[in-house]
Amino acid sequence: MAHVVLILVGLSAFSSSQKVAKYSLQFISTGSSAVIFSRNFLTHITKDMAAEPKKIIIDTDPGIDDAMAIFVALRSPEVEVIGLTTIFGNVYTTLATRNALHLLEVAGRTGVPVAEGSHVTITNGTKIRVADFVHGADGLGNQKFPPPKGKAIAQSAAAFLVEQANRYPGKVTVVALGPLTNIALAIQQDPAFVRNIGQIVILGGAFSLNGNVNPAAEANIFGDPDAADIVFTSGADILAIGINVTHQIILTDADHDKLTQSNGKFAQYLCKILDVYFKYHHDAYGIKGVYLHDPATILAAINPFLFTYTEGVVRVQISGITRGLTVLYNKQKKFAEVTEWTDKPTVKVAVTVDAPAVVKLIMDRLLDS
Ligand SMILES: [Ca+2]
């Protein structure tokens, strides 16, 4: 019952805008008692929707679905991409930087700065896991694209994140599409970062289901679990989009056909690189389609109402066979003992998604280019 009261209080914070009213109805229709919003959260969102384009920095390890995500962001009038920061994950960091520069050249958006991120984990670990078997050895479907003409800026990713958060306090959203090393470094370098950054939208975690690296862990969290635990417990305003929702968001063979038939430059480019990604999903999951992890997370930054959320404390296992496991404490039980979750800040974790709406938006924006 307490949850229902919270929702109604939250809805009273909406303006009379029709756009917002539509989202409200969609939200109510989920009927999930697990969905908890605070008044502040909803006020924050409605304020953002009415404002000018939201400034976003995409922290990325391109990556085939990263490429889609970057293109969707660049085609979305609701956001202004003010920079890309790079990280290891799908590929090593050097290649991630090269691919980020390349994708901006493909998009004709070379004015967007690229800041190179860490080559090692937050604990200086040099044994990096890369997912070249998912995205191809070059991260972009083994297409042997020519090297980009542009270069990364001199600033590190973490320094760039800190600088932009200071320049536009409360106005910058970081969309983190790879391991969280750069974000954790920004938090360590500037204690004010968690207050100055508007929101951190994270693609990461497997909440209440198996991971995609192993049964425990999702790939981005597994890439640097120590960094992920720092970020989740930092007190920043965090939305986490885990594979428990992104595995419902599938680009099908039929959608692929539509991209193939499109004259749009992004659609044509993506058709070149998608084959490797389709083959991996067919072999690994037995599905005829691909999961849209990264582009869906961009849409969560643009319109959080495409998802519903629960709120709680997330801790990350940093050792042992469950290294990279994300465990959400939903605050329903009051434990007698002090736990590793006690008194830690809460984050919002996606629990449901309007998958058809998300796929349609991604397709519309990729086809219309
Ligand atoms: Ca990624």
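Those letters in the sequence shown? Residues -17 to -1, 1 to 352, per mature numbering (1 follows the signal peptide of the UniProt record, and there is no 0), in order.
All C-beta atoms in this analysis are idealised placements derived from N, C-alpha and C, irrespective of residue type, glycine included.
Given the structure is predicted, the values throughout are model-derived calculations rather than measurements.
Cβ neighbour criterion (16 or more within 10 Å) applied to residue i
i: residue 299; result: buried
i: residue 182; result: buried
i: residue 10; result: At residue 10, the pLDDT of 36 sits below 50, so the modelled position is not reliable; the number obtained from the coordinates is stated separately. Classification of residue 10: buried, given that the 10 Å Cβ count is 16 or more.
i: residue 215; result: buried
i: residue 147; result: buried
i: residue 273; result: buried
i: residue 224; result: buried
i: residue 100; result: buried
i: residue 140; result: buried
i: residue 40; result: buried
i: residue 45; result: buried
i: residue 321; result: exposed
i: residue 112; result: exposed
i: residue 318; result: exposed
i: residue 37; result: buried
i: residue 12; result: Its pLDDT being 32, under 50, residue 12 is placed unreliably by the model, and the measurement read from it follows with that caveat. Label assigned to residue 12: exposed.
i: residue 150; result: exposed
i: residue 217; result: buried
Helix, strand or coil at residue i according to DSSP, with G and I counted as helix
i: residue 159; result: strand
i: residue 90; result: helix
i: residue 209; result: helix
i: residue 275; result: coil
i: residue 146; result: helix
i: residue 65; result: strand
i: residue 300; result: coil
i: residue 56; result: helix
i: residue 345; result: helix
i: residue 424; result: Nothing about residue 424 can be read from this structure; the chain reaches only from -17 to 352.
i: residue 182; result: strand
i: residue 154; result: coil
i: residue 214; result: helix
i: residue 134; result: coil
i: residue 168; result: helix
i: residue 112; result: coil
i: residue 280; result: helix
i: residue 76; result: helix
i: residue 261; result: helix
i: residue 203; result: helix
i: residue 244; result: helix
Contact check, residue i vs residue j, beta carbons under 9 Å
i: residue 333; j: residue 268; result: no
i: residue 336; j: residue 228; result: yes
i: residue 42; j: residue 165; result: yes
i: residue 290; j: residue 161; result: no
i: residue 54; j: residue 352; result: yes
i: residue 287; j: residue 186; result: no
i: residue 325; j: residue 294; result: no
i: residue 199; j: residue 311; result: no
i: residue 255; j: residue 124; result: yes
i: residue 203; j: residue 163; result: yes
i: residue 226; j: residue 189; result: yes
i: residue 135; j: residue 243; result: no
Bridge-paired residues (DSSP) for residue i
i: residue 290; result: 336
i: residue 43; result: 69
i: residue 35; result: Residue 35 is not bridged to any residue.
i: residue 117; result: Residue 117 pairs with nothing; no bridge assigned.
i: residue 222; result: 184 and 331
i: residue 233; result: 274
i: residue 310; result: 298
i: residue 97; result: 67
i: residue 139; result: 99
Chain D within 9 Å of residue i, Cβ atoms only
i: residue 133; result: Protein chain content of the structure displayed is limited to a single chain, and chain D is not contained in it.
Does the pairing of the stretch 273 to 280 with the stretch 44 to 51 give three or more beta-carbon distances under 8 Å? Yes, they touch.
* the stretch 176 to 194 touching the stretch 74 to 83, judged by at least three CB pairs closer than 8 Å -> The stretch 176 to 194 vs the stretch 74 to 83: no contact.
Exercise. Any contact of the stretch 202 to 218 with the stretch 240 to 256, i.e. 3+ C-beta pairs under 8 Å?
Worked result: Verdict: no, contact absent.
(Q) For the pair the stretch 115 to 122 and the stretch 153 to 160, tell me if three or more CB-CB distances fall below 8 Å. (A) No, the stretch 115 to 122 does not touch the stretch 153 to 160.
Quiz item: Is it a yes or a no for the stretch 88 to 95 touching the stretch 59 to 76, going by three-plus beta-carbon pairs under 8 Å?
Solution: With the cut-off at 8 Å, the stretch 88 to 95 and the stretch 59 to 76 touch.
Practice item. Taking 8 Å as the threshold, find out whether the stretch 123 to 136 comes into contact with the stretch 166 to 177 through three or more Cβ pairs. Key: As far as the Cβ criterion goes, the stretch 123 to 136 does not touch the stretch 166 to 177, which means the pair count is below three.
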